[in-house]
Each structure stands twice: as C-alpha cells, then as structure tokens.
Amino acid sequence: MSKLFSLMSLVLAAGLVCGTGQVIADSKTSVDRMAGQVNGPWRRLFLDAMVVEESQGLERVFHAAKKHEQNPVLIADQPWEKT
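100 is the number that our numbering gives to position 55 of the sequence shown; each next residue is one higher, with no gaps.
Pasting the structure below:
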C-alpha cells in the first residue's frame, strides 16, 4: 500500500511540475505574441510616468481626444440612469 501511495505521489508531483512548466511556457508565448512585431514600430499606452521617465529612447506624444460621431454611444434607457 505504501509503495502504491509513494508511486502515486511521485506521478502527481511530476505532473504538477510538468504542468506548471507548460503554463509558464504558454504564458511567455502569449506575452511575446502581445508585444508586437520584433522590429517595430510599436505603440504602447504608458500609464506609469516614472517608467517612461526612466526609459531611454522614448518620446511622449499626446493626442487630443476625439468625440465619437454617433454620440451618445450609450443611451440611458432605464429610469435610474436618467438624470
């Protein structure tokens, strides 16, 4: 009984280790896929000003907001939404 339990524990532990490695590998490829083309050009939304200030080779470009032509996009159709 103890040999069977030990064997099952070993198989379970190996499965967890291999499964964790697979998840890490999959998440890395997902991040790489989201990063864009290797040679650029890239557009990113930087919300942390400190990271931008500490980075080299970045230029801040501010764009004015544009109103959507079909405004309002969301219409208040419930009594509690109307003010």
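Quick reminder that beta carbons are idealized off the backbone N, C-alpha and C, glycines included.
What is the DSSP secondary structure of residue i, counted as helix, strand or coil?
i	result
residue 94	helix
residue 117	coil
residue 126	helix
residue 104	coil
CB of residue i to nearest heavy atom of the ligand SAH: below 7 Å?
i	result
residue 120	This structure does not include the ligand SAH; it has no bound ligands of any sort.
Mind checking residue i: buried by the 16 CB within 10 Å criterion, or exposed?
i	result
residue 61	Note that residue 61 has pLDDT 46, beneath the 50 cutoff, so the model's placement of it is unreliable and no number is given.
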